[in-house]
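There are 2 protein chains.
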Amino acid sequence: MATNVTAEPAALGRKRDHSLDAKIMDATLEILAEVGLTGLTMDLVAARAGAGKATIYRRWTSKNDLVIDAVEHLKRIQVDLEDLPDTGTLRSDLLGLGKPLSLEETEQRLKSMAGLASLLSQGQTFADAVNAAVIQPWAEAHLTLMQRAAGRGEIAADADLGTLCQILPAMAAYRSLVQRQPFNQEFLLSMVDGVLLPALRR
Amino acid sequence: MATNVTAEPAALGRKRDHSLDAKIMDATLEILAEVGLTGLTMDLVAARAGAGKATIYRRWTSKNDLVIDAVEHLKRIQVDLEDLPDTGTLRSDLLGLGKPLSLEETEQRLKSMAGLASLLSQGQTFADAVNAAVIQPWAEAHLTLMQRAAGRGEIAADADLGTLCQILPAMAAYRSLVQRQPFNQEFLLSMVDGVLLPALRR
DNA sequence: CAGTTCCGATACTGTTTGGTATCGTATCTA
DNA sequence: TAGATACGATACCAAACAGTATCGGAACTG
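Protein sequences appear in the order of chains L and F.
In terms of the working numbering, the first sequence opens at residue 1 and continues consecutively.
In terms of the working numbering, the second sequence opens at residue 203 and continues consecutively.
Here you go:
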């Protein structure tokens, strides 16, 4: 939770520039993607954000606080759960959700995942933040698409949706993080047509 | 590659104690699992291994060298590719390969994966070492089982085995690393019966 | 205009840590 | 027995870095 939750006091003096909050968190995530937690320093973050360290420490009490906030901030840019595809068939919905990335976007996503992965061994708080901010939104999105399909009678009502909704997010994460390859249209098609749809239609 | 590849010179003096090599690498992996690369220090490794830092630096030129060697050392204890299950059916083979873990083993595996994940943002050398040592052996094992099944006519000869052999290793890694839950018998059954076999039998 | 608060740049402190050096002891060979 | 090499404990050096302090200027309110 960001530290600026208190009601604003009687406000003399210069106003806090809240646009800096996002710039600092974005800079944190960029550097995390580039060099992992080991290489992330407050000087680097400050330089990248174009802010002073005093400005950062005025908002966050520690480096760890900043990193956790930055990861939680990611949630808002993963997937819009209010605006999921709704094309009438599960296949089209799934293909519409996994939008293809350019080579540059893929490379960036790959580094981003690796940076986030470096947090997983830093304790439960970090791991929970990564899961909640990055993984859960995608699983939730897939679950919604599959529940709609079950409602249409398109898939077996007793399919284990709890497991199946995790397949694509898991394969996406695995492919980018471990295999360091793009989660491209070709792979998406092979996953949807070759694994998911057969599994759902039994 | 360990640094002791040179032919032994005329050997006066005390012999090198090669049992220390494995102890040091094991200590490295234990600490990596516990605190990730950020928290791994040479003093901790030396203390855990019961060795001196001079002893470590006599074998490896740097901390990075040691970590990479230790990860490569893991390959030997992942899965024995010469001794895979061969029960006559793919289902039994798959269930036999994914041997169930105790709660303690699961917890240990989870930490181990998180520690390895912390290496993925440290550059290509580290990422390649993790992939080669941990991920590839399991994918190879699954590929072998599936190729046997195709040979028996048990699955479609045109199935995308390159992708399908990655599913279980990916889900195992994802489950432990990201969801921080055990890859237990229940989950294995649900993956094999609910996803893999249906996907293979189309 | 005075007072307050925020800003970025910079200096600073204390601690950590990779890697090296030293030393006494142990273990070897000739 | 002399000489060579490995060992673990410890001290040490240099560099890095989290976090704090200071300062001049900017942006605000009363």
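Backbone N, C-alpha and C fix where the C-beta goes; we use that ideal spot for every residue, glycine too.
A quick note: this is a predicted structure, and the numbers were derived from the prediction, not measured.
Fill in: For R14(L), the three-state DSSP class (helix, strand or coil)
In the structure shown, R14(L) adopts coil according to DSSP, grouped into three states.
Worksheet item: Where does the unbroken alpha helix (DSSP H) through F126(L) begin, and where does it stop?
Response: Membership of F126(L) in the alpha helix (DSSP H) is indicated by the continuous run 124-130.
Worksheet item: Would you call the segment 244-258 of chain F and the segment 123-140 of chain L touching, i.e. three or more CB-CB distances under 8 Å?
Response: The segment 244-258 of chain F makes no contact with the segment 123-140 of chain L, as fewer than three CB pairs between them are under 8 Å.
Worksheet item: If we ignore side chains and look at the alpha-carbon of each, how far apart do A159(L) and A149(L) end up?
Response: Cα to Cα, the separation comes out at about 11 Å.
Worksheet entry | Where the alpha helix (DSSP H) containing F187(L) begins and where it ends | From DSSP, the alpha helix (DSSP H) with F187(L) extends over 185-191.
Worksheet item: Hey, would you say L390(F) sits closer than 8 Å to G298(F), going by beta carbons?
Response: Going by beta carbons, L390(F) and G298(F) fall outside the 8 Å limit.
Worksheet item: Can we say the segment 47-56 of chain L touches the segment 107-119 of chain L, given the rule of at least three CB pairs closer than 8 Å?
Response: Fewer than three pairs of CB atoms, one per stretch, sit closer than 8 Å, so the segment 47-56 of chain L makes no contact with the segment 107-119 of chain L.
Fill in: Spatial distance of F385(F) from L161(L) (CA atoms)
Straight-line Cα distance between these residues: approximately 17 Å.
Worksheet item: Expressed to the nearest angstrom, what Euclidean distance is found between the alpha-carbon atoms of T38(L) and T240(F)?
Response: Their Cα atoms are separated by approximately 5 Å.
Practice prompt. Might you give, ordered along the chain, the residues of its own chain that have their beta carbon closer than 7 Å to the beta carbon of E30(L), omitting 5 neighbours on each side?
Written response: If we look at E30(L) and ignore the five residues flanking it on each side, its Cβ neighbours are R48.
Discussion item. Assuming L164(L) and L196(L) are in contact, meaning their beta carbons sit under 8 Å apart, how far apart are those beta carbons, in whole angstroms?
Written reply: Between the beta-carbon of L164(L) and that of L196(L) there is about 7 Å, and that keeps the pair under the 8 Å contact cut.
Worksheet item: Where does A11(L) land, buried or exposed, given buried means 16+ other C-beta within 10 angstroms?
Response: Its Cβ having fewer than 16 others within 10 Å, A11(L) is exposed.
Discussion item. Quick check: is the beta carbon of L322(F) nearer than 8 Å to any beta carbon in chain L?
Written reply: L322(F) counts as touching chain L.
Discussion item. Taking its Cβ as the centre, do 16 or more other Cβ atoms sit within 10 Å of N4(L), making it buried, or is it exposed?
Written reply: Model confidence at N4(L) stands at a pLDDT of 43, short of 50, so the residue's coordinates are unreliable; what they give is reported in the following sentence. Exposed is the label assigned to N4(L), since fewer than 16 other Cβ atoms lie within 10 Å of its Cβ.
Worksheet item: Closest to A341(F) by CA distance: which of I357(F), R311(F), M315(F), M373(F) is it?
Response: The residue with the shortest Cα to Cα distance from A341(F) is M373(F).
Worksheet entry | Proximal residues of chain L, C-beta to C-beta of G317(F) below 8 Å | S121, listed in chain order.
Practice prompt. Specify, as a first and last residue, the run of the alpha helix (DSSP H) that R260(F) falls within.
Written response: Counting along the chain, the alpha helix (DSSP H) containing R260(F) begins and ends at 255-261.
Practice prompt. Just the C-alpha distance for E154(L) and A358(F), rounded to the nearest angstrom, thanks.
Written response: So the two alpha carbons sit approximately 24 Å from each other.
Practice prompt. Please classify T61(L): is it buried, with 16 or more other beta-carbons within 10 angstroms of its beta-carbon, or exposed?
Written response: With fewer than 16 other Cβ atoms within 10 Å, it is exposed.
Fill in: Whether G396(F) touches A33(L) by CB criterion (8 Å)
The beta carbons of G396(F) and A33(L) sit no closer together than 8 Å.
Worksheet item: Along chain F, in chain order, which residues have C-beta atoms closer than 7 Å to that of I167(L)?
Response: Within 7 Å Cβ-Cβ: V397.
Fill in: Reduced DSSP secondary structure (H/G/I, E/B, other) of K99(L)
Note: K99(L) maps to coil in three-state DSSP.
Discussion item. So with CB distances below 8 Å, who are the chain L contacts of S392(F)?
Written reply: Those within 8 Å of S392(F) in chain L are D160, T163.
Worksheet item: Taking DSSP as the reference, what is the three-state secondary structure of E104(L)?
Response: If DSSP states are grouped into helix, strand and coil, E104(L) belongs with the helices.
Fill in: Other residues of its chain near V394(F): CB distance less than 7 Å, five sequence neighbours each side excluded
These residues qualify, in order along the chain: R293, L296, L297.
Item to complete: Look at the alpha carbon of A268(F) and the alpha carbon of K225(F), and state the distance between them as a whole number of angstroms.
Response: Per the sequence shown, residue 268(F) should be read as Leu rather than Ala. One alpha carbon belongs to L268(F), the other to K225(F), and they sit about 12 Å apart.
Worksheet entry | Beta-carbon neighbours of Y259(F), restricted to chain L and to distances below 8 Å | One finds nothing in chain L with a Cβ atom closer than 8 Å to the Cβ of Y259(F); even the nearest lies about 20 Å away.
Item to complete: Mind listing the chain L neighbours of M373(F)? Cutoff is C-beta to C-beta under 7 Å, in chain order.
Response: Those within 7 Å of M373(F) in chain L are A170.
Worksheet item: Taking R109(L) as the reference, which of Q78(L), D83(L), Q124(L), G52(L) has the closest Cα?
Response: It is Q78(L).
Worksheet item: CB A133(L) to CB K75(L), shorter than 8 Å?
Response: The criterion of a C-beta distance shorter than 8 Å is satisfied by A133(L) and K75(L).
Practice prompt. Return the chain-ordered list of same chain residues with a C-beta closer than 7 Å to the C-beta of H73(L), the five sequence neighbours on each side being excluded.
Written response: So the list reads M25, once near-sequence residues are dropped.
Worksheet item: Excluding sequence positions up to five away, which residues of its chain have a Cβ less than 8 Å from the Cβ of R180(L)?
Response: A distance below 8 Å between beta-carbons, with the five flanking residues on each side excluded, links R180(L) to the following residues of its chain, in chain order: L110.
Item to complete: Classify Q78(L) as helix, strand or coil using the three-state DSSP reduction.
Response: Three-state DSSP puts Q78(L) in coil, outside helix and strand.
Item to complete: Give me the Cα-Cα distance between Q338(F) and L20(L), rounded to the nearest whole angstrom.
Response: Q338(F) and L20(L) have their C-alpha atoms some 43 Å from each other.
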